[in-house]
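Asker:
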Amino acid sequence: MLQQTINGIALGATYALLGLGVTLIWGVLRVMNFAFGQFITWGAFGCLVAIEDGIPVWLSVLIGMAVGGLLAVIVDATVIAYMRRRRSSEFALVVATIGVSYLLSSIAQDRTASQIRTFPSQDFPDGVINLGSVQIPELQLMSLAIAAVMMVGLALWLNTTKSGRALRTVSWSVPTAELLGVRSKSIFAIAVFISGALAAIAGICIFAETASISYSSGDALLVVAFAVIVLGGMGSVAGAVVGGLVLGLAQVYTTAYISNNFSQAVGYIAILLILIVRPSGIFGSQEEQRV
Amino acid sequence: MTAAGVEVEHLSRRFGGVLAVDDVSFAIEPGTITGIIGPNGAGKTTLLNLITGFAVPTSGHVRIGGRDLTGKRPYVVARTGVARTYQNLLLLEDETVTENIRIGRHLVDRRRLRRHPADGRRPAQVVAGLVEELGLAEVAAAPVASLPYGLRRRVEIARALATNPALLILDEPTAGMTRDESDDIASVVRQVRDRGCTVLLVEHNIRLVTVICDEVLVLNWGRLIGRETAAKVWELDAVQVAYLGKKPKDSEVGGSADRE
Amino acid sequence: MFNWLDPYSQFVGVSLLVNVLLVLSLFVAFQCGVLSLASVGFAADGAYTSALLNIKEGWPPALSIAAGALAAGLLALVFGRLILHLRGIYLALGSFALGQVCVLIIANMSFTGGNEGIIGIPTTVGLTTAAVVVVVLCALLQILHQSRIGRALRAMRLDDRVAAGVGVNTPAYRAWAFAASGVIAGLAGALGAFSTVTISPGQYDFTLLVQILAMAMIGGAYHWSGGVIAALVIGIIQQDLGQVAPLVQGLLYGGLLVVVMMLLPEGIIDRRGFRWVQGHWPGRPGASQAMASLQSAGRS
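Residue numbers (our numbering), protein chains in the order written: chain C, 1 to 291; chain D, 1001 to 1260; chain H, 2001 to 2300.
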């Protein structure tokens, strides 16, 4: 049980990263970007290609993050920015991102010839640390450490630096932020880049563990990302962390104690349950809907 | 429709730490035209929202036509014969004027009634009649989004009238209108009352209020601070303080008219 | 009736019409503002219910199909109540989750044959049957469009509060629209099941959702004809292209979806387009008058 809990926490930490990526976008841009799954996939593939080209692992990871971040910025700067200018409806925006996701997925499918590739986990730490009755794979520790560093770094950035605070102002109100001299376009770009990078690193950690990756791997994690923010409350950083941990634990326990098959459904069921019971999530604010 | 009376008892609505509506009680006779005045932020629109179901009271009761409608959903309230317009205008922007008015006929627009309408008029006729009555003939087929503010207000009023209400609630209906235009609205309101409908009117235009209202309720800081016949409303201390900047004698009623 | 076509073309025609039904299922909810992404799941439910009733219980195909459609509708009615109070994006997300859970449950149960699916379904649905179903449904949708209910649904999509303010029971209308969406999707799934020998969970995947979503959004939320036209045209183009690489499919559907959302978010048949067609239809008495009043209104 303790073993599973630790596994769950490690997984949950990477899930939290996914949640943070989506929450950043939602909080700032009010967009639910279905293409996020592709940022995960492409970022992880970027890392994979770099490793296969002989680039040291740590650098490859950074390259992967950069790929994820850049892709996110490109998608945002083209499709999403255009539709924001046109004041498109929420629906149109979401559906457009679904289209982008499908487009990117097809390109990935084509380039990988629909094959599942092995993710070179041998290049990552693969030892095991024994703590009494519990075995902790070094890889999990690494994931946990990376996730923790990212979360703390993000929190620090948002609360102490000028650009981080600018981002919080923008997410509260764009006109106010602009009156205060914030260039919202650059803030959007920074937020989007970070979210893409987070997607990539989370994906890398998860794929390193499962040692496989295919063009559709990111999409499976997309559901997880949405489940995390729905659980934790959209737009809440603390919520993403808590939501990620809860979901990670739920997934691990389900696989261990119920059935392997249903672990796929955990994400979807979590979304449904939360939406039914408390749509605003654990940390979200209640929105009154009278009609 | 026979006119409905309104009874409001100890109605309150709290938003966090603020009492937007504070223990308001009044009764309105059916078939009268009653005005509600007060500075911005006095709670007038919140009061209307509480009466029409767009907000739930923290405490108190609302009775319309004798029926307890406290906390009921907007469509339930609407079905009892209550129609309203909105301070910030609520229109189907992409639809034409005619379509916007037509949706007001929803409850009566059944096939049976269309063939043998109770008041002898088919929906298209009713809509056309309202279009004429509110001077919208020129723009009947135009999308509402293309209309200037004053005309859009009139479309909203026409839609409210299309529901054949027993209680008509107007939230600042003449905002942005010229004197002639607001006089037109005044005569429409009188005709509506004559046809058998109670009217509740929130307005900043005191002149209009004194001309058509039987009685006036004065709201400030969420509380009902005065009730007077139209003729005497200017004499109310509260009104003079709020609208004319007179210094308050009574510390209960504080501040001037330009408060946010 | 369609015997002049070769069997393969007939089969293609049936799958085309099944897609049309799926698009109409999306339309029925979308016209009142509900973006339901659950239709693929409901189609799976309809398909499996009807197939199992026929194979395991021996029900005649027609009855099985009807039961499948109604079962899906019932599911939509019951579970719809749980998520329909949500607004916009949350509702889309919730319906997406609902649809996926439907398929996942089917894929993981033993009596449904798990991931292998079901085989041995009699192929009793031909092009004629499918065509009749679609035509009847379109006729019903047209009647709905012209009725006060259709008007109320359209108003709901533009502004819920306006509709509620004039007395429309918005929660009930939404629930029934979602249930209707479920029935139509279930019908599509059931008809599809009885036109092919096998069904499996894999065919109700995200790709299918994207395809019908593209067609539905291109068709627009104003009139049912938009979605039908989009589904037929895109479907025929897809057929002409033959077996295409995933890349081309992705470019076609994904790219089309993006471009249409960017340029024509209301779809090809929006309210203005529809009225324009009405106004120009030869022989309609009000045509020139409508044009004149539109022109003069534009001037003021």
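Heads up, the beta-carbon is just placed ideally off N, CA and C, and yes, glycines get one too. Please read all numbers here as calculations on a predicted model, not as lab measurements.
Measure from the C-beta of Ile1103 of chain D to each C-beta in chain H and report whether the shortest distance is under 8 Å.
Answerer: Taking Cβ atoms only, chain H reaches closer than 8 Å to Ile1103 of chain D, which makes this a yes.
Asker: At a CB distance below 8 Å, what residues from the segment 1007–1028 of chain D approach chain H? Give them in sequence order.
Answerer: Against chain H - using a Cβ distance shorter than 8 Å - the segment 1007–1028 of chain D contributes no residues.
Asker: Which runs of the alpha helix (DSSP H) fall wholly inside the segment 64–105 of chain C and span at least 4 residues, in chain order?
Answerer: With a minimum length of 4 residues, the continuous alpha helix (DSSP H) runs that stay inside the segment 64–105 of chain C are 81–85.
Asker: Could you check whether Val95 of chain C and Ala35 of chain C sit closer than 8 Å to each other, using their CB atoms as the reference points?
Answerer: No, Cβ-Cβ distance for Ala35 of chain C and Val95 of chain C is not below 8 Å.
Asker: Within a Cβ cutoff of 8 Å, which residues of the same chain sit near Arg1190 of chain D, ignoring the five residues on either side of it in sequence?
Answerer: Same-chain partners within the cutoff: Ile1033, Ile1212.
Asker: So, helix, strand or coil for Thr1034 of chain D, using DSSP?
Answerer: Residue state, collapsed to three classes: strand.
Asker: On a CA-only basis, which of C:Leu144, C:Asp53, C:Ala44 is nearest Gly68 of chain C? Give me that one, please.
Answerer: That would be C:Ala44, whose Cα lies nearest to the Cα of Gly68 of chain C.
Asker: Return the residue from the list D:Ile1206, D:Val1144, D:Arg1105 that minimises the CA-CA distance to Val1233 of chain D.
Answerer: Closest by alpha carbon: D:Ile1206.
Asker: Can you list, in chain order, the residues of its chain whose CB lies under 7 Å from that of Arg1259 of chain D, leaving out five sequence neighbours each side?
Answerer: Residue confidence for Arg1259 of chain D is low, a pLDDT of 40 falling below 50, so the modelled location carries little weight; the figure read from the coordinates is stated next. Closer than 7 Å at Cβ, skipping near neighbours: Pro1039, Asn1040, Gly1041.
Asker: Please list, in chain order, all residues of the same chain as Asp1094 of chain D whose beta carbon is under 7 Å from its beta carbon, the five residues on each side excluded.
Answerer: Excluding sequence neighbours, Asp1094 of chain D sits near Pro1143, Ala1145.
Asker: Along the segment 2166–2198 of chain H, what residues have a CB closer than 7 Å to any CB found in chain D?
Answerer: Those residues of the segment 2166–2198 of chain H that come within reach of chain D (Cβ to Cβ, closer than 7 Å) are Val2166, Gly2167, Val2168, Asn2169, Thr2170.
Asker: When DSSP builds the beta bridges, which residues end up paired with His1061 of chain D?
Answerer: DSSP, once it has assigned bridges, lists D:Glu1009 as partnering His1061 of chain D.
Asker: Under the DSSP definition of a beta bridge, which residues are partnered with Leu2263 of chain H?
Answerer: According to DSSP, Leu2263 of chain H bridges with nothing at all.
Asker: Do Gly218 of chain C and Gly203 of chain C have their CB atoms nearer than 8 Å?
Answerer: Their beta carbons are under 8 Å apart, which means Gly218 of chain C touches Gly203 of chain C by this criterion.
Asker: Given a threshold of 16 other Cβ atoms within 10 Å of its Cβ, counted over all protein chains shown, does Ala129 of chain C qualify as buried or as exposed?
Answerer: Per the sequence presented here, residue 129 of chain C reads as Ile, with Ala not at that position. Burial call: exposed.
Asker: How big is the Cα-Cα spacing for Val223 of chain C and Gly46 of chain C?
Answerer: Taking the straight line from one Cα to the other gives about 22 Å.
Asker: Answer with buried or exposed for Gly27 of chain C, where buried requires no fewer than 16 other C-beta atoms within 10 angstroms of its C-beta.
Answerer: Gly27 of chain C comes out buried.
Asker: At 9 Å on the CB atoms, spell out the chain D contacts of Asp2159 of chain H, in chain order.
Answerer: What Asp2159 of chain H touches in chain D: Leu1090, Leu1091, Leu1092, Glu1093.
Asker: Taking buried to mean at least 16 other C-beta atoms within 10 Å of its own C-beta, is His1269 of chain D buried or exposed?
Answerer: The structure shown has nothing for residue 1269 of chain D, since chain D only spans 1001 to 1260.
Asker: May I have the straight-line CA-CA distance separating Gly2080 of chain H from Val61 of chain C, to the nearest angstrom?
Answerer: Cα-Cα distance, rounded: 43 Å.
Asker: May I ask you to list the residues that DSSP assigns as paired with Ile2118 of chain H?
Answerer: Paired residues: H:Ile2199.
Asker: Tell me, please, whether the segment 1021–1029 of chain D touches the segment 1046–1066 of chain D by the rule of three or more beta-carbon pairs shorter than 8 Å.
Answerer: Yes: the two stretches touch, three or more of their Cβ pairs being nearer than 8 Å.
Asker: Going along chain H, which residues have a C-beta under 8 Å from Asp1109 of chain D?
Answerer: Ordered by position in chain H, the residues that pass the 8 Å Cβ test against Asp1109 of chain D are Arg2148, Arg2151.
Asker: Which runs of the alpha helix (DSSP H) at least 4 residues long sit entirely within the segment 2035–2122 of chain H? Give them in chain order.
Answerer: Counting whole runs of 4 or more residues, the segment 2035–2122 of chain H contains the alpha helix (DSSP H) stretches 2039–2057, 2061–2083, 2088–2108.
Asker: Going along the chain, which residues of its own chain have a beta-carbon closer than 8 Å to the beta-carbon of Ile2055 of chain H, five neighbours each way excluded?
Answerer: For Ile2055 of chain H, where only same-chain residues beyond five positions count, the Cβ hits under 8 Å are Ile2118, Gly2120, Ile2121.
Asker: Do we get a CB-CB distance below 8 Å when we pair Phe2206 of chain H with the residues of chain C?
Answerer: Taking Cβ atoms only, chain C reaches closer than 8 Å to Phe2206 of chain H, which makes this a yes.
Asker: Tell me which residues share the same chain as Pro2285 of chain H and place their Cβ nearer than 6 Å to its Cβ, disregarding the 5 neighbours each side in the sequence.
Answerer: Caution applies to Pro2285 of chain H, whose pLDDT of 45 falls short of 50 and renders its modelled position unreliable; the model cannot decide the point.
Asker: Do you know offhand how far Gly1081 of chain D's Cα is from Lys1072 of chain D's?
Answerer: So the two alpha carbons sit approximately 14 Å from each other.
Asker: Have a look at C:Gln264, C:Leu231, C:Thr254, C:Val252 and flag the residue whose alpha-carbon is nearest the alpha-carbon of Leu275 of chain C.
Answerer: Taking only the C-alpha atoms, the option nearest Leu275 of chain C is C:Leu231.
Asker: So, is the C-beta of Tyr2253 of chain H closer than 8 Å to a C-beta in chain C?
Answerer: Yes, because at least one Cβ of chain C sits closer than 8 Å to the Cβ of Tyr2253 of chain H.
Asker: For Gly2219 of chain H and Leu158 of chain C, I'd like the C-alpha separation in whole angstroms.
Answerer: Whole-angstrom Cα-Cα distance: 43 Å.
Asker: Which same chain residues, not among the five before or five after Trp2059 of chain H, have their C-beta less than 6 Å away from its C-beta?
Answerer: For Trp2059 of chain H, where only same-chain residues beyond five positions count, the Cβ hits under 6 Å are Leu2053.
Asker: So, do the segment 2127–2143 of chain H and the segment 1119–1132 of chain D have three or more beta carbon pairs nearer to each other than 8 Å?
Answerer: No: fewer than three Cβ pairs fall under 8 Å.
Asker: Tell whether a beta-carbon distance below 8 Å holds between Val1216 of chain D and Ile1225 of chain D.
Answerer: No, the pair does not count as a contact, with Cβ atoms beyond the cut-off.
Asker: So, under 8 Å CB-CB, Ile1103 of chain D and Val2040 of chain H are touching, yes? Tell me the CB distance rounded to an integer number of Å.
Answerer: About 33 Å; that fails the 8 Å criterion.
Asker: Can you tell me which of H:Leu2257, H:Leu2104, H:Asp2240 puts its alpha carbon nearest to the alpha carbon of Ala2214 of chain H?
Answerer: Among H:Leu2257, H:Leu2104, H:Asp2240, the Cα nearest to that of Ala2214 of chain H belongs to H:Leu2257.
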